[in-house]
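Report on the following structure.
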Amino acid sequence: MQIGYARISSDDQNLDLQNDALSIAGCKKIYEDRMSGAKASRPGLQMAIEVAREGDVITVWRLDRLGRSLKDLIELVNALERKGVGFTSLQEKIDTTSSGGRLIFHIFGALSEFEANLIRERTHAGLQAARARGRKGGRPKLLDTKQQKLLRKLYNAREHSIGVGDSEAVTRGNDKKAPNRYLRAAS
């Protein structure tokens, strides 16, 4: 059985175009969602997957109706494949029920993985270059050496009962726990 899935992002959009195309393609039942494709939990999609049996095919009008990221699409299609359910996209002419369609879909997956690896490598190279220029990551320290000494002096004088974090020892940020961290580290 061919099962259709249609999705729009907001209520002011219309599902007629997708439903018509899915009906013409031979879908006996069409499940719908009226929400963003970025949402992981889509009741219509979940129902379509639940009712699909081995040998069935889930069809969408366009790939972006099924999911926003290629990673999510690949995970979903792989889950369908493990269940023995095929997948077709009408606009992109992708059909995982054929060996050629599976090949094309997995090429998309390989390209996605390749892109993720490139991003990871560029990020790593950028961090290394920044470190080589003496740049440190993370947020700046709240207390410089002078402020740390003042904090220690206030603490030793038992001035902390009024809240050392409220004193002029802490001049940046709103981290009231920073003085305690400095005091523990200094002990």
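In the working numbering, the protein residues as written are 1 to 187. Every residue gets a Cβ at the ideal spot worked out from N, C-alpha and C, and that includes glycine.
Q | Reduced DSSP category for Asp95 - H, G, I as helix; E, B as strand; rest coil | A | Position 95 of the sequence shown holds residue 95. Asp95 falls in the strand class under three-state DSSP.
Q. Is Val57 buried or exposed, if buried means 16 or more other CB atoms sit within 10 Å of its CB?
A. In the sequence shown, counting from the first residue as 1, residue 57 sits at position 57. Under this definition Val57 is a buried residue.
Q. Taking the alpha-carbon positions, what's the Pro43 to Asp33 distance?
A. Taking the first residue of the sequence shown as position 1, residue 43 is located at position 43. Taking the first residue of the sequence shown as position 1, residue 33 is located at position 33. Rounded to the nearest angstrom, the two C-alpha atoms are 7 Å apart.
Q) Just checking my contact of Thr96 with Phe108 at CB under 8 Å: how many whole Å lie between their CB atoms? A) As a position in the sequence shown, residue 96 is number 96, starting the count at 1. As a position in the sequence shown, residue 108 is number 108, starting the count at 1. With 8 Å as the limit, Thr96 and Phe108 do not qualify as a contact, their Cβ atoms being about 11 Å apart.
**Q.** Burial state of Thr59, where buried means 16 or more other Cβ atoms lie within 10 Å
**A.** Locating residue 59 in the sequence shown gives position 59, where the first residue counts as 1. Buried: at least 16 other Cβ atoms inside 10 Å.
Q) Residues bridged to Lys29 by DSSP? A) By one-based count along the sequence shown, residue 29 stands at place 29. According to DSSP, which records beta bridges pairwise, Lys29 is partnered with Ile3.
Q.
According to DSSP, is Gly86 part of a helix, a strand, or is it coil?
A. Translated into the one-based positions of the sequence shown, residue 86 becomes position 86. If DSSP states are grouped into helix, strand and coil, Gly86 belongs with the strands.
Q | Residue from Tyr31, Glu75 and Leu80 whose Cα sits closest to the Cα of Gly55 | A | Taking the sequence shown and counting its residues from 1, one reaches residue 55 at position 55. Taking only the C-alpha atoms, the option nearest Gly55 is Leu80.
Q | Alpha-carbon spacing of Leu17 relative to Leu63, whole angstroms | A | Locating residue 17 in the sequence shown gives position 17, where the first residue counts as 1. Locating residue 63 in the sequence shown gives position 63, where the first residue counts as 1. Cα to Cα, the separation comes out at about 15 Å.
Q. Can you give the beta carbon distance from Leu90 to Ala21, rounded, assuming they're within the 8 Å contact cut?
A. Against the sequence shown, residue 90 aligns to sequence position 90. Against the sequence shown, residue 21 aligns to sequence position 21. The Cβ separation is near 6 Å, so the contact holds.
Q: Could you tell me if Arg172 is buried or exposed, where buried requires 16 or more neighbouring beta carbons within 10 angstroms of its beta carbon?
A: Here residue 172 corresponds to residue number 172 of the sequence shown, with the count starting at 1. Since pLDDT at Arg172 reaches only 46, below the 50 mark, its modelled position is unreliable, and no value is offered.
Q) Would you report the Cα separation of Asn19 and Ile30, rounded to the nearest angstrom? A) Position 19 of the sequence shown, counted from the first residue, corresponds to residue 19. Position 30 of the sequence shown, counted from the first residue, corresponds to residue 30. Their backbone Cα atoms lie some 7 Å apart in a straight line.
Q | Separation of Asp144 from Tyr155, as counted between CA atoms | A | Translated into positions along the sequence shown, residue 155 becomes position 155. Translated into positions along the sequence shown, residue 144 becomes position 144. Roughly 16 Å separates the two Cα atoms.
Q.
Within the continuous alpha helix (DSSP H) that includes Glu50, where are the two ends?
A. Along the sequence shown, one-based indexing puts residue 50 at 50. Taken as a continuous stretch (DSSP letters only), the alpha helix (DSSP H) holding Glu50 covers Pro43 to Val51.
**Q.** Segment limits, alpha helix (DSSP H) that includes Ala21
**A.** Locating residue 21 in the sequence shown gives position 21, counting from the first residue. First-last of the alpha helix (DSSP H) with Ala21: Asp16 to Ile24.
Q. With Phe105 and Val77 assumed to form a contact (beta carbons below 8 Å), what rounded beta-carbon distance in angstroms separates them?
A. What you label residue 105 is simply residue 105 of the sequence shown in a count that begins at 1. What you label residue 77 is simply residue 77 of the sequence shown in a count that begins at 1. The Cβ separation is near 6 Å, so the contact holds.
Q) What do you get for Arg65, buried or exposed, if any count of 16 or more other CB atoms within 10 angstroms of its CB means buried? A) As a working note, residue 65 is residue 65 in the sequence shown. Buried, by the Cβ-count rule.
**Q.** Same chain, Cβ closer than 6 Å to Gly26, neighbours up to 5 away in sequence not counted
**A.** Residue 26 sits at position 26 when you count from the first residue of the sequence shown. Annotation for Gly26: Gln2 place their beta carbon closer than 6 Å to its own, counting only its chain and skipping 5 residues before and after.
Q) Looking only at DSSP bridge pairs, what is Val57 linked to? A) Working through the sequence shown from its first residue, we reach residue 57 at position 57. DSSP, once it has assigned bridges, lists Gln2 and Gly86 as partnering Val57.
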